[in-house]
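Numbering (our numbering), first residue to last: 68 to 408.
Here you go:
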């Protein structure tokens, strides 16, 4: 079975209010790329990775009469994808949903959130992901109230062979200091954003611990917008959110080989899953932001992780059409896991 995660940049802009693809020459949310071009590029990428299930980060919007699942299924029909059914968790108000397209001949999936619902007071022990988490992040004896702008998607998945596992798709908050006008303001905002992201990571890790204690096979995947050594503010808090989510100890540590490489060899070349143009330097920056982490019991079943990077993956590089599609479709590249489930 192949499971994938893919941040399809601002996919919602590619659909009308009837959740149908917009094959027009209007500009998409990607620089110098039309909506038709981005749709066709995404279609080729989805066809090429040929996953049995793909978690779509920045999936189309669910609000004001729009429905992400209808849009994704219309997209799948247009490109004749096996992953023709869609499921998602709690909707959010960012116009970037977390959803999963899957092949119903291979597996079934349902939204299965865990944790107690809360009021505005929140809880300290892994509340439901659309609720409020209380935590003191700055050691001032005052608890902060944290919410997810994009609540992680919690699914219960069953394969055609009758094997069950839990899957959590996540898109953590970006740490970029959007709107900052001075260096000091950017610093304050970056530190505040880092605090919030670490709180979200701690909340997610509490849920992971619940699954591991229950003996649930678990896959955690998506865009974590973070990685070891990604920015200078990490040193203020000691660990990146990726390290918090991975955990420690033989029985409690999740595994992703790309994260492992970055942690073990922080000053050497490491894998990357995203490519951004930095306007102030007029250069591209690459980063490892997208992960597929698995619980210890699944490691013997895991066969191969792959980042579909247009320049680093030889098969992508030598396939001109796929290479161009990967660069046109999104500023992130898919990550896939082949696993015997």
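Just so it is clear, CB atoms sit at the ideal spot from N, CA and C, and this is done for glycine as well. Computed from a predicted structure; not experimentally measured.
Quiz item: According to the Cβ coordinates, are residue 139 and residue 123 closer than 8 Å?
Solution: Within the chain shown, the letter at position 72 stands for residue 139. Within the chain shown, the letter at position 56 stands for residue 123. A contact, by the Cβ cut-off of 8 Å.
Self-check item: Other residues of its chain near residue 151: CB distance less than 6 Å, five sequence neighbours each side excluded
Solution: The residue given as residue 151 occupies position 84 in the chain shown. So the list reads 143, once near-sequence residues are dropped.
Quiz item: Under 8 Å between the Cβ atoms of residue 129 and residue 357?
Solution: Along the chain shown, read from residue 1 onward, the residue named residue 129 stands at position 62. Along the chain shown, read from residue 1 onward, the residue named residue 357 stands at position 290. No. Outside cutoff.
Quiz item: Residue ranges of each beta strand (DSSP E) run of no fewer than 3 residues wholly in the region 168-211, ordered along the chain?
Solution: 174-178 and 200-202
Quiz item: Hey, out of 108, 119, 83 and 377, whose CA is closest to residue 408's CA?
Solution: Counted from its first residue, the chain shown places residue 408 at position 341. Minimum Cα distance to residue 408 is reached at 119.
Quiz item: Which partner residues does residue 74 have in the DSSP bridge list?
Solution: Translated into positions along the chain shown, residue 74 becomes position 7. Its beta-bridge partners are 124.
Exercise. Quick one: grab the DSSP three-state call for residue 251.
Key: Residue numbering aside, residue 251 sits at position 184 when the chain shown is read from its first letter. Helix.
Quiz item: Distance, Cα to Cα, residue 395 vs residue 104?
Solution: On the chain shown, residue 395 is found 328 positions in, with the first residue counted as 1. On the chain shown, residue 104 is found 37 positions in, with the first residue counted as 1. If you take the alpha carbons of residue 395 and residue 104, they lie about 7 Å apart.
Quiz prompt | DSSP-derived helix/strand/coil call for residue 338 | solution = Counting from one through the chain shown, the residue named residue 338 turns up at place 271. Residue state, collapsed to three classes: coil.
Quiz prompt | Span separating the alpha-carbon of residue 339 from that of residue 89 | solution = As a first step, residue 339 must be located in the chain shown, where it is residue number 272. As a first step, residue 89 must be located in the chain shown, where it is residue number 22. Taking the straight line from one Cα to the other gives about 30 Å.
Self-check item: residue 143 in three-state terms, based on DSSP
Solution: In the chain shown, residue 143 corresponds to position 76, counting from 1. It is helical.
Practice problem: Spell out a yes or no on whether the region 383-398 and the region 353-369 are touching, meaning 3 or more CB-CB pairs, one atom from each, closer than 8 Å. | Solution: no
Exercise. Run the CB neighbour count on residue 429, radius 10 Å, all protein chains shown included, and call it buried at 16 or more, exposed below.
Key: Residue coverage of the chain in this structure runs from 68 to 408, which leaves residue 429 outside it and unanswerable.
Quiz item: Helix, strand or coil for residue 137 per DSSP?
Solution: Counting from one through the chain shown, the residue named residue 137 turns up at place 70. Of the three classes helix, strand and coil, the one that applies to residue 137 here is helix, per DSSP.
Quiz item: What did DSSP end up calling residue 154 once you bin it into helix, strand or coil?
Solution: As a position in the chain shown, residue 154 is number 87, starting the count at 1. Note: residue 154 maps to strand in three-state DSSP.
Quiz item: Are there three or more Cβ pairs, one per stretch, closer than 8 Å when the region 189-203 is compared with the region 278-293?
Solution: no
Quiz prompt | Close-in-space but distant-in-sequence residues of the same chain around residue 216 (CB under 7 Å, 5 per side omitted) | solution = Working through the chain shown from its first residue, we reach residue 216 at position 149. Within the same chain, residue 216 has close Cβ partners 159, 161 and 240.
Quiz item: Skipping 5 residues on each side, what residues in its chain have a beta carbon closer than 6 Å to that of residue 79?
Solution: As a first step, residue 79 is located in the chain shown; it is residue number 12 there, counting from the start. Same-chain partners within the cutoff: 127, 128 and 162.
Quiz item: Of the residues 107, 177 and 368, which one's Cα is nearest the Cα of residue 136?
Solution: To locate residue 136, count along the chain shown from 1; it is residue 69. Ranking 107, 177 and 368 by Cα distance to residue 136 puts 177 first.
Exercise. Would you identify the three-state DSSP class for residue 399, choosing helix, strand or coil?
Key: As a working mapping, residue 399 is identified with position 332 in the chain shown. In the structure shown, residue 399 sits in a strand (DSSP, three-state: E or B).
Exercise. Out of 210, 221 and 173, state which residue places its alpha-carbon closest to the alpha-carbon of residue 157.
Key: One-based indexing of the chain shown puts residue 157 at position 90. The shortest C-alpha separation from residue 157 is found at 221.
Quiz item: DSSP on residue 350, reduced to helix/strand/coil?
Solution: Against the chain shown, residue 350 aligns to sequence position 283. Residue 350: strand per DSSP, three-state reduction.
Quiz item: Whose C-beta lies closer than 8 Å to the C-beta of residue 248 among residues of the same chain, with five residues either side of it excluded?
Solution: Residue 248 sits at position 181 when you count from the first residue of the chain shown. Counting only Cβ-Cβ distances below 8 Å, and skipping sequence neighbours, we find nothing.
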